[in-house]
Amino acid sequence: MIVFALCNDHIDGATIFRDRTKADPPGDNSVSIASWDAVSPVTPSTAIDAKLNTVEPSRSWSRVGRAQALRPGVVYTAYGWTRDNTWYTGHVDFTLERLSKLKPGQVLTQTYVSAEDRDVDAVQSYEQFTAEACK
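My numbering applies: residue 77 is where the sequence shown begins, and numbers increase by one.
Structure below.
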């Protein structure tokens, strides 16, 4: 399940991708694993209700093409975007191992820590995520 917090603008779709490896055919630096189009633009007022269930069909999202299976040990990135590329959400990097540690009702987020020059995982309750998302 992917949840979005939008503080402004909108998104038209969402994608999960991974970095390209030497085993992949030549192309871009990343490989799209799965992509969805929003049935209608997801806005700040509709984002919380537009949860993206990556397994089951949804009223809010329509999968584009086939999805590849996620594999253990691979780092994936999820983010939302606009069709005209004028805006996109922050991204979240994850592995199946990290996701398996989440309990129902928890959300994996990342915060950039400048002293470490990297994103650090944070786990929040869904309620905390929605309450603090745009503060």
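Backbone N, C-alpha and C define an ideal beta-carbon position, used for all residues, glycine too. From a predicted model like this one, the values you see are computed outputs, not experimental measurements.
Do residue i and residue j have their CB atoms nearer than 7 Å?
i, j, result
"residue 157", "residue 89", "yes"
"residue 187", "residue 196", "yes"
"residue 153", "residue 167", "yes"
"residue 86", "residue 118", "yes"
"residue 160", "residue 140", "no"
"residue 202", "residue 183", "yes"
I need the straight-line Cα distance from residue i to residue j, nearest angstrom please.
i, j, result
"residue 110", "residue 190", "31 Å"
"residue 209", "residue 82", "8 Å"
Only counting the same chain, and skipping five residues up and downstream in sequence, which positions put a Cβ closer than 8 Å to that of residue i?
i, result
"residue 77", "127, 128, 129, 130"
"residue 105", "95, 96"
"residue 174", "184, 197"
3 or more residues per run - each beta strand (DSSP E) lying fully within the segment 113 to 187: With a minimum length of 3 residues, the continuous beta strand (DSSP E) runs that stay inside the segment 113 to 187 are 137 to 140, 152 to 157, 168 to 170.
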